[in-house]
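Colleague:
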Amino acid sequence: MNYPRVPIEHWSAFIAVVEQGSFAKAAESLNKSQSAVSYAIARLNEQLPTPVLTPQGRKAVLTEAGEVMYRRAKQLLNLATDVEQTAQCLAEGWETQIVLAVDAIVPIEAVLDAMRRFGEVVPQTRVVLLETTLSGTDEALLERRADLVLSARVPPGFLGDPIGEVCMVAVAHPEHPLAKAENELTEQDLRQSRQIVVRDSGVKRSQDQGWLQAEQRFTVSHFSTSLKALEAGLGFAFAPLPLVNDALDQGRLKRLKLVVNAERKVPIYLITAAQDHIGPAIKAFTNELKQSF
4 MNYPRVPIEH WSAFIAVVEQ GSFAKAAESL NKSQSAVSYA IARLNEQLPT PVLTPQGRKA
64 VLTEAGEVMY RRAKQLLNLA TDVEQTAQCL AEGWETQIVL AVDAIVPIEA VLDAMRRFGE
124 VVPQTRVVLL ETTLSGTDEA LLERRADLVL SARVPPGFLG DPIGEVCMVA VAHPEHPLAK
184 AENELTEQDL RQSRQIVVRD SGVKRSQDQG WLQAEQRFTV SHFSTSLKAL EAGLGFAFAP
244 LPLVNDALDQ GRLKRLKLVV NAERKVPIYL ITAAQDHIGP AIKAFTNELK QSF
């Protein structure tokens, strides 16, 4: 068997320099000295057939080969992390902590109900809830910051268990011109009105939540803020029905009459980050989540 010549610490330094943008920031993120990071990169370039980073002013930029090696090095570090997590899971039996990432579109009441029941049965395991939006949910999964994910989409390379769905509806304040319109609304009507959209919580991609053809737009960070903006009459939005149900029942919001696509069903998937080291606590929590939905 051929053993690798490059220590994993050198690959870690390489990834940190690429993602942080400089040796100084990379050293800070790794809790190492800048000279240690510079040495690791120098040794990495020496041990490989072709350099992966080349100096450009005060920065080091990826070579063509470096771009390929960066993707492979990320896979290597993820695999090493998985091995360590598997060993810990085997040694401890029950996990001491579960991190659950929940996309903003998911009804939080069902999640909290599952957490309550799980806490009564497995009090020794802590649950950390990450509230994310759009690609921020994907990043929590891809970067292994979450053990379980509830999302409206399944990223490539993962398997999702469909456990429910959310209805997205178009709403506005009852006194908003769209809500007072006598005729059914067309796409052109929506384009000429201000839409309230929810900002993506991811840092590597930028998306918005909802129908995105409105020329005017107010962007907020949370659906709860979107709800307040709607009730203040600032615009219309496509919102999860569970979030706006009370406001609709109490007359604080009104569903818009659209010509087509008056509502949209969005599936909710339960995704496990690492299928090969699922411990008993994650299994128990998964069962509670499925029961809630």
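The sequence shown: position 189 = 192 (the working numbering), numbered continuously. By construction, the Cβ of each residue, glycine as well, lies at the ideal position given by its N, Cα and C atoms.
Out of 246, 256, 249, point me to the one whose CA is closest to residue 237's CA.
Modeller: It is 256.
Colleague: Given residue 108, which residues of its chain have a CB within under 7 angstroms of its CB, disregarding the five upstream and five downstream residues?
Modeller: These residues qualify, in order along the chain: 155, 169, 243, 269.
Colleague: Can you list, in chain order, the stretches of the beta strand (DSSP E) that have 3 or more residues and sit fully within the stretch 231 to 276?
Modeller: Those beta strand (DSSP E) runs which fall completely within the stretch 231 to 276 and span 3+ residues are 240 to 243, 266 to 275.
Colleague: Could you check what DSSP says for residue 51 in three-state terms: helix, strand or coil?
Modeller: The answer is coil: DSSP assigns residue 51 none of H, G, I, E or B.
Colleague: Assuming residue 188 and residue 260 make a contact with CB atoms under 8 angstroms, what is their CB distance in whole Å?
Modeller: Confirmed, about 6 angstroms.
Colleague: Please look up how many angstroms separate the CB atoms of residue 132 and residue 103, rounded, as I've assumed it's under 8 angstroms.
Modeller: About 6 angstroms separates the two Cβ atoms, so the contact holds.
Colleague: Taking DSSP as the reference, what is the three-state secondary structure of residue 161?
Modeller: In this structure, residue 161 counts as coil in the three-state DSSP scheme.
Colleague: On the DSSP bridge assignment, give the partners of residue 85 in chain order.
Modeller: DSSP, once it has assigned bridges, lists no residue as partnering residue 85.
Colleague: The beta strand (DSSP E) spanning residue 294 covers which residue range?
Modeller: Where residue 294 is concerned, there is no enclosing beta strand (DSSP E), although the alpha helix (DSSP H) it sits in stretches over 283 to 295.
Colleague: Contact between the stretch 271 to 281 and the stretch 244 to 252 is defined here as three or more beta-carbon pairs at a separation below 8 angstroms; is this criterion met?
Modeller: Too few Cβ pairs lie closer than 8 angstroms, so no.
Colleague: How is residue 229 classed by DSSP in three states: helix, strand or coil?
Modeller: Helix.
Colleague: Determine the extent of the beta strand (DSSP E) in which residue 25 is found, giving its start and end residues.
Modeller: Looking at the DSSP string, residue 25 is not in any beta strand (DSSP E), and its letter there is neither H nor E.
Colleague: With a threshold of 6 angstroms on Cβ separation, who are the neighbours of residue 177 within its own chain once the five nearest residues in sequence on each side are excluded?
Modeller: Excluding sequence neighbours, residue 177 sits near 257.
Colleague: Would you report the Cα separation of residue 2 and residue 291, rounded to the nearest angstrom?
Modeller: In the structure as shown, the chain begins at 4 and stops at 296. Residue 2 is therefore absent and cannot be evaluated.
Colleague: Thinking residue 63 and residue 20 are a contact (beta carbons under 8 angstroms), I'd like their distance in whole angstroms, please.
Modeller: Right, the Cβ-Cβ distance comes to about 6 angstroms (below 8 angstroms), so this counts as a contact.
Colleague: Cβ atoms of residue 201 and residue 225: under 8 angstroms apart, would you say?
Modeller: In contact: residue 225 and residue 201 (Cβ atoms closer than 8 angstroms).
Colleague: With DSSP as the reference, label residue 154 as helix, strand or coil.
Modeller: Correct three-state label for residue 154: strand.
Colleague: Could you tell me which residues DSSP pairs with residue 62 in its beta bridges?
Modeller: Paired residue(s): 59.
Colleague: Start and end of the alpha helix (DSSP H) containing residue 124?
Modeller: That run of the alpha helix (DSSP H) goes 111 to 124.
Colleague: Could you have a look at residue 212 and say whether DSSP puts it in helix, strand or coil?
Modeller: Unreliable placement is indicated for residue 212, whose pLDDT of 48 sits below 50; the coordinate value is still reported in the next sentence. Residue 212 falls in the strand class under three-state DSSP.
Colleague: When the cut-off is 8 angstroms and only beta carbons count, does residue 126 lie next to chain D?
Modeller: Looking at the structure shown, chain D is missing, and only one protein chain is on hand.
Colleague: Look up residue 37 in the DSSP assignment and say whether it is helix, strand or coil.
Modeller: Looking at residue 37 - three-state DSSP - the assignment turns out to be helix.
Colleague: Quick one: what's got a C-beta closer than 6 angstroms to residue 85's C-beta in the same chain, skipping five residues either side?
Modeller: 277, listed in sequence order.
Colleague: Under the three-state reduction of DSSP, which class applies to residue 185: helix, strand or coil?
Modeller: Residue state, collapsed to three classes: coil.
Colleague: Nearest CA to the CA of residue 113: which residue from 164, 153, 199, 18?
Modeller: Of 164, 153, 199, 18, the residue nearest in Cα terms is 153.
Colleague: Skipping 5 residues on each side, what residues in its chain have a beta carbon closer than 7 angstroms to that of residue 22?
Modeller: Cβ within range, chain order: n/a, list empty.
Colleague: Suppose you measure from the CA of residue 192 to the CA of residue 263; what does that come to, to the nearest Å?
Modeller: Computed Cα separation, rounded: 13 angstroms.
Colleague: Residue 101 bridges to which residues according to DSSP?
Modeller: Note: residue 101 sits in a beta bridge opposite 130.
Colleague: Can you give the Cα-Cα distance for residue 3 and residue 80, rounded to whole angstroms?
Modeller: A question about residue 3 goes unanswered here, because the residues of the chain that appear run from 4 up to 296.
Colleague: So residue 173 and residue 241 are in contact, right, with Cβ under 8 angstroms, and what is the actual spacing, rounded?
Modeller: With 8 angstroms as the limit, residue 173 and residue 241 qualify as a contact, their Cβ atoms being about 5 angstroms apart.
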